[in-house]
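Report on the structure given below.
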């Protein structure tokens with residue numbers, strides 16, 4: 002069996018997960034907690050973060066909440082400073098925070114478009130900027146970008162979302178080449194339809210049984226994280242066994 006990546010924090014790496022209050026982010030956070038990581042939970046909704054934290058604590062895991070709106074550079078900086086003060090420098094960053102305004106281009110407002118780009122793309126840039134200096138100094142680290150198959154396949158009403166996720170994938174590809182020499186891994190995951198609140202109740206009731214579960218993505222991230230230091234899985238596309246909806 003492959004051994005986990007050897008970080009300075011030994012068997013208890015510091016893992017910062019954005020968008021950790023529900024869905025894929027929550028499952029990734031819980032999965033890391035189960036393997037002994039110290040998990041920093043960030044999202045805008047503090048109440049839901051507290052619920053996630055209680056679940057992790059109840060199972061013997063280690064975590065703390067750091068509410069953060071990734072659209073704000075000040076908020077991201079403050080959250081990172083608090084994480085470092087509480088746990089130490091971040092070993093793993095999971096850029097998962099994401100929203101969608103599913104509208105035709107003719108129906109979407111400028112504010113809605115900007116909101117999607119600011120959360121899904123700019124937020125990942127801001128968080129990455131915070132953790133890179135310490136990762137470069139340590140010559141190790143792993144950054145996960147949670148993109149989407151919508152970055153590669155086109156769906157009506159997904160103009161802003163697809164643009165943000167394609168931009169995130171491109172950003173990750175450039176970043177990967179910039180930080181290879183520092184021993185830092187960058188992995189982009191492109192999930193297909195996954196049952197989470199981003200779909201809305203009607204769609205979940207109609208198609209939920211055909212979708213992947215958030216824990217499927219959480220388990221995948223752990224598998225990728227635990228690969229040998231000699232190799233890097235750069236991009237992973239995962240879809241429901243039955244294909245796109």
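Residue numbers (this note's numbering): 2 to 246.
A virtual CB, placed ideally from N, CA and C, is assigned to each residue, including glycine.
Values in this document were obtained by computation on a predicted structure and should not be read as measured data.
Residue i: buried (16+ other C-beta within 10 angstroms of its C-beta) or exposed?
i           : result
residue 84  : buried
residue 120 : buried
residue 115 : exposed
residue 4   : Low per-residue confidence applies at residue 4: pLDDT is 40, beneath 50, and the placement is therefore not dependable, though the value from the model is reported in the following sentence. Under this definition residue 4 is an exposed residue.
residue 138 : exposed
residue 231 : exposed
residue 222 : buried
State the DSSP-derived secondary structure class of residue i, mapped to helix, strand or coil.
i           : result
residue 176 : helix
residue 269 : The displayed coordinates of the chain run from 2 to 246. Any statement about residue 269 would go beyond what the structure contains.
residue 128 : helix
residue 224 : helix
residue 13  : coil
residue 8   : For residue 8, the predicted model reports a pLDDT of 39, less than 50, meaning its position is unreliable and no value from the coordinates is stated.
residue 104 : strand
residue 1   : With the chain running from 2 to 246 in the structure shown, residue 1 is simply not present.
residue 213 : strand
May I have the straight-line CA-CA distance separating residue i from residue j, to the nearest angstrom?
i           : j           : result
residue 118 : residue 162 : 8 Å
residue 18  : residue 167 : 20 Å
residue 174 : residue 55  : 36 Å
residue 157 : residue 241 : 20 Å
residue 22  : residue 48  : 8 Å
residue 8   : residue 142 : The predicted position of residue 8 is uncertain, since its pLDDT is 39 and thus under 50; no value can be drawn from it.
residue 50  : residue 209 : 24 Å
residue 94  : residue 188 : 11 Å
residue 246 : residue 211 : 8 Å
residue 58  : residue 24  : 18 Å
residue 186 : residue 103 : 32 Å
residue 201 : residue 182 : 42 Å
residue 20  : residue 65  : 14 Å
residue 263 : residue 106 : This structure does not reach residue 263, given that the chain is present from 2 up to 246, and the question cannot be answered.
residue 97  : residue 205 : 20 Å
residue 40  : residue 15  : 6 Å
Alpha carbons only, please: which of the options is nearest the one belonging to residue i?
i           : options              : result
residue 248 : 195, 155, 123 and 20 : With the chain running from 2 to 246 in the structure shown, residue 248 is simply not present.
residue 31  : 133, 148, 52 and 245 : 52
residue 35  : 55, 15, 63 and 41    : 63
residue 132 : 219, 92 and 239      : 92
residue 110 : 45, 135, 151 and 160 : 160
residue 125 : 90, 73 and 135       : 73
residue 239 : 130, 154, 76 and 70  : 154
Give me whichever residues DSSP pairs with residue i in a beta bridge.
i           : result
residue 65  : 41
residue 120 : The partner list for residue 120 (beta bridge, DSSP) is empty, contrary to what the question assumes.
residue 230 : Its beta-bridge partners do not exist; DSSP assigns none.
residue 94  : 17 and 144
residue 191 : 238
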